[in-house]
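A short write-up of the structure that comes next.
Number of protein chains: 2
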Amino acid sequence: MERRNTRQLETIRNFAEHSKSHPTAEDVYREIVKTIPDISLRTVYRNLNKLSDEGILRKIQVPNAPDRFDSTLEPHQHILCTECGEFIDVFMNNEERLLAEIKDLCGYEITGIDVVYRGVCPTHTKK
Amino acid sequence: MERRNTRQLETIRNFAEHSKSHPTAEDVYREIVKTIPDISLRTVYRNLNKLSDEGILRKIQVPNAPDRFDSTLEPHQHILCTECGEFIDVFMNNEERLLAEIKDLCGYEITGIDVVYRGVCPTHTKK
DNA sequence: GCACTAATAACAACTGTTGTCAATAAGAAA
DNA sequence: TTTCTTATTGACAACAGTTGTTATTAGTGC
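Residue numbers (this note's numbering), protein chains in the order written: chain A, 111 to 237; chain B, 111 to 237.
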């Protein structure tokens with residue numbers, strides 16, 4: 111299975127890899143379309159997914175909101191402002207004093223935490 | 111604003127409040143339709159949202175999957191099995207040793223954690 | 001340049017959920 | 001009990017975000 115470096119893929123990779131803003135597919139599309147006017151949103155999705163499959167980006171699935179693509183690969187979490195949509199990084203490791211720490215760190219007043227771990231249950235664990 | 115106890119609302123409340131299985135709106139619908147054959151899925155959504163607005167249920171927004179409604183109100187988190195879709199409770203409080211603890215507690219092999227805090231950024235905090 | 005085929009653009013389809021609105025029925029008043 | 005008001009409903013459309021499909025285009029090795 112040969113792999114080709116298309117102009118679309120390279121442009122998307124270059125933009126997403128250097129972006130600090132957790133862009134959505136739409137965000138990326140709006141940027142890329144400036145240099146490749148006839149690119150399709152479908153291709154942006156395709157390539158962002160490819161890049162996150164390859165581990166070059168991290169896909170952040172946000173409940174009730176579009177997925178975002180993160181070029182920071184180190185483990186961290188995110189905060190979404192429910193008022194303005196701002197989406198920022200938080201690097202935390204202990205859950206004790208978590209909300210207070212967040213407040214100190216970035217001034218966010220946390221109103222909700224939805225955590226869903228993904229995993230494989232005992233009966234489906236591949237041995 | 112008067113509030114009415116409809117048969118639909120009461121039936122949905124009774125089922126969801128006693129359910130231990132984190133049902134989705136579809137799950138609830140499939141159950142309720144047995145006793146109220148002409149109920150609409152729209153009404154199930156409407157009433158589940160109402161109940162979670164009232165704090166009687168907790169709505170769990172799962173990325174890329176339907177919302178679930180939880181009758182357990184104490185703070186806790188969830189694990190979704192990516193193989194079979196099983197969705198279970200986890201009661202954890204310190205993030206240290208978290209994955210190991212989860213493994214000990216319920217045998218789940220965690221493959222991903224997507225945490226999105228929701229909050230209000232400093233500039234939008236209501237004084 | 002030529003052949004091969006991965007990747008694309010265009011478009012449709014999908015899932016989960018909410019908007020709209022005329023018809024219905026809960027509950028207060030008569 | 002009957003009437004009246006209006007909250008709630010059911011039917012249907014619409015929506016957002018994403019993926020499926022497929023003929024066409026364009027990388028890549030020769």
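Every residue, glycine too, gets a C-beta built ideally from N, C-alpha and C.
Being a predicted model, the structure only gives us computed values, none of them experimental.
Supposed contact pair residue j and residue i - C-beta distance, whole angstroms, cut 8 Å
{"i": "I170(A)", "j": "D180(A)", "result": "6 Å"}
{"i": "I285(B)", "j": "V154(B)", "result": "This structure cannot speak to residue 285(B), because chain B is shown only from 111 to 237."}
{"i": "C231(A)", "j": "E193(B)", "result": "7 Å"}
{"i": "Y227(A)", "j": "I122(B)", "result": "Incorrect: roughly 28 Å between the Cβ atoms, too far for contact."}
Which residues DSSP lists as bridging residue i, in chain order
{"i": "E219(B)", "result": "V230(A)"}
{"i": "L190(B)", "result": "R228(A) and F197(B)"}
{"i": "T134(B)", "result": "R178(B)"}
{"i": "K213(A)", "result": "BP columns for K213(A) are empty, so no partner."}
{"i": "R168(A)", "result": "D180(A)"}
Through-space distance from residue j to residue i, alpha-carbon basis
{"i": "D199(A)", "j": "Q187(A)", "result": "6 Å"}
{"i": "E205(B)", "j": "P147(B)", "result": "Its pLDDT being 49, under 50, E205(B) is placed unreliably in this model, and the value from its coordinates should be taken loosely. Between E205(B) and P147(B), the C-alpha separation is close to 46 Å."}
{"i": "E120(B)", "j": "P133(B)", "result": "17 Å"}
{"i": "T233(B)", "j": "F125(B)", "result": "42 Å"}
{"i": "T116(A)", "j": "A135(B)", "result": "43 Å"}
{"i": "S129(B)", "j": "R113(A)", "result": "49 Å"}
{"i": "F197(B)", "j": "L215(B)", "result": "15 Å"}
{"i": "R140(A)", "j": "R156(A)", "result": "15 Å"}
{"i": "A210(A)", "j": "I220(A)", "result": "9 Å"}
{"i": "P173(B)", "j": "F201(B)", "result": "20 Å"}
{"i": "R152(A)", "j": "C191(B)", "result": "29 Å"}
{"i": "G195(A)", "j": "V225(B)", "result": "16 Å"}
{"i": "V138(A)", "j": "T145(B)", "result": "48 Å"}
{"i": "Q118(B)", "j": "S150(B)", "result": "10 Å"}
{"i": "Q229(A)", "j": "G229(B)", "result": "It is worth fixing the name first, because residue 229(A) is Gly in this sequence and not Gln. Approximately 26 Å between the Cα atoms of the pair."}
{"i": "P185(A)", "j": "S131(A)", "result": "16 Å"}
Close beta carbons around residue i, own chain, < 7 Å, minus the five adjacent residues each side
{"i": "L183(B)", "result": "R168"}
{"i": "E161(B)", "result": "Reading off the sequence, residue 161(B) comes out as Leu, not Glu. For L161(B), where only same-chain residues beyond five positions count, the Cβ hits under 7 Å are R123, A126 and L167."}
Neighbourhood of residue i by C-beta, 6 Å cutoff - its chain only, sequence neighbours within 5 removed
{"i": "E127(B)", "result": "S181"}
{"i": "T235(A)", "result": "none"}
{"i": "D177(A)", "result": "K169 and Q171"}
Contacts around residue i, its chain only, beta-carbon distance under 8 Å, and the 5 residues preceding and following it disregarded
{"i": "A175(B)", "result": "L190"}
{"i": "N159(B)", "result": "K169"}
Output needed in chain order: residues of the segment 213-230 of chain A with a Cβ under 7 Å from some Cβ in chain B.
G217, Y218, E219, I220, T221, G222, I223, D224, V225, V226, Y227, R228, G229 and V230
For the segment 144-171 of chain B, which residues have a beta carbon sitting closer than 7 Å to at least one beta carbon of chain A?
I170 and Q171
To be precise: take each residue of the segment 181-196 of chain B, compare its Cβ to all Cβ atoms of chain A, and keep it if any distance is under 7 Å. Which residues remain?
Q187, H188, I189, L190, C191, T192, E193, C194 and E196
Give, in chain order, every residue of the segment 125-137 of chain A whose Cβ lies closer than 9 Å to some Cβ of chain B.
none
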